[in-house]
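In terms of my numbering, the numbers along the sequence shown are unbroken and rise by one, the last being 573.
These notes are about the structure you will find just below.
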Amino acid sequence: MAFDRDEVADLLAKCHRRCCICHRFCGFKMETDHMRPAGEGGTDDIDNALPVCFECHSEIHCYNTDHPRGRKFTEKELRLHKEQWLNICKKNPEIFSQPFQSSDAGPLNSLIDELEYNMHACNCLGSSLSTSQFDEALRKGSISLLEPEMKKKINSAYSEINRLNQLFYALNNESTKDRLQGYKRVQIDKNKANTKQAIINAHSSLLSFLQKDTEASE
Ligand SMILES: [Zn+2]
């Protein structure tokens with residue numbers, strides 16, 4: 356499943372590499388969604404391609420029909436978003452000389468960066484791991500958009516991270532340090548290894564989603 360590269364280039368230029376739904380600038384973190392999925396007879400015709408950001412791509416695909424909440428994106432609506440945005444780009448190019456409100460990369464993209472940082476930080480004893488992008492993604496509601504399996508992996512990575520951070524904190528704290536003297540180095544290493552594995556699982560799950568259906572970023 357791949358759209359024609361030249362046609363994708365043309366489409367990305369037309370939308371200014373901005374998401375057709377939320378209008379955020381995506382840079383290389385741009386995805387091309389099949390508005391009618393292959394499983395439902397959708398083709399690789401460029402007419403079926405919708406340039407979107409990671410967040411909106413999650414929104415489109417992660418509606419849970421077994422537990423319906425909110426409103427599902429329909430193919431018809433997606434086509435209208437595309438048409439509407441391409442029209443704005445063509446007829447009102449002056450909007451691009453004004454500052455956009457939300458031009459940041461998006462909480463889920465930042466979460467990938469944070470998971471990568473934490474993967475490395477796990478190797479250094481004593482340095483606490485970062486949770487700020489996770490907190491931000493939670494606050495913005497981005498985590499709730501994810502598929503249940505992916506959400507579970509990310510939540511479990513961050514609960515391991517929090518546990519490891521608490522352990523580091525206790526080991527460095529004067530009032531609790533002595534009580535933890537018996538805490539074996541091997542136990543710390545085990546915690547770190549578990550945390551690192553949980554981070555790797557969460558990271559690869561998010562990344563594989565990013566790479567799904569996105570030949571445009573090649
Ligand atoms: Zn978007």
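Quick reminder that beta carbons are idealized off the backbone N, C-alpha and C, glycines included.
All of these numbers come straight from a predicted model, not from anything done at the bench.
| request: Using the Cα positions of V363 and I401, report the straight-line distance between them to the nearest angstrom. | output: Distance between the alpha carbons of V363 and I401: 7 Å.
| task | Classify S563 as helix, strand or coil using the three-state DSSP reduction. | result | Collapsing the DSSP output to three states places S563 in a helix.
| Nearest candidate by alpha-carbon position, reference G496, set T398, L463 and K446 | L463
| Alpha-carbon to alpha-carbon, L522 and F428 | 44 Å
| query | Counting Cβ pairs closer than 8 Å, one from the stretch 555-564 and one from the stretch 505-512, do we hit at least three? | reply | yes
| Own chain, CB closer than 7 Å to H412, minus 5 neighbours either side, in chain order | E386 and D388
| message | For a test of the three-state rule: what should DSSP assign to H412, helix, strand or coil? | response | The answer is helix: DSSP assigns H412 an H, G or I state.
| Close Cβ partners of H416 (< 7 Å) along its chain, the five nearest in sequence each way excluded | none
| query | Is the beta carbon of R434 within less than 8 Å of some heavy atom of ligand 1? | reply | No, since every heavy atom of ligand 1 falls outside the 8 Å radius drawn around the Cβ of R434.
| query | Where the beta carbon is closer than 7 Å to any heavy atom of ligand 1, which residues qualify, in chain order? | reply | C374, I376, C377, R379, V407, C408, E410 and C411
| Buried or exposed by the 16-neighbour rule on C-beta atoms within 10 Å, applied to L519 | Buried: at least 16 other Cβ atoms inside 10 Å.
| query | Mapping DSSP to helix, strand and coil, what is T486? | reply | DSSP places T486 in the coil class of the three-state scheme, outside both helix and strand.
| message | Between the alpha carbons of E414 and T531, how many angstroms are there, rounded? | response | 44 Å
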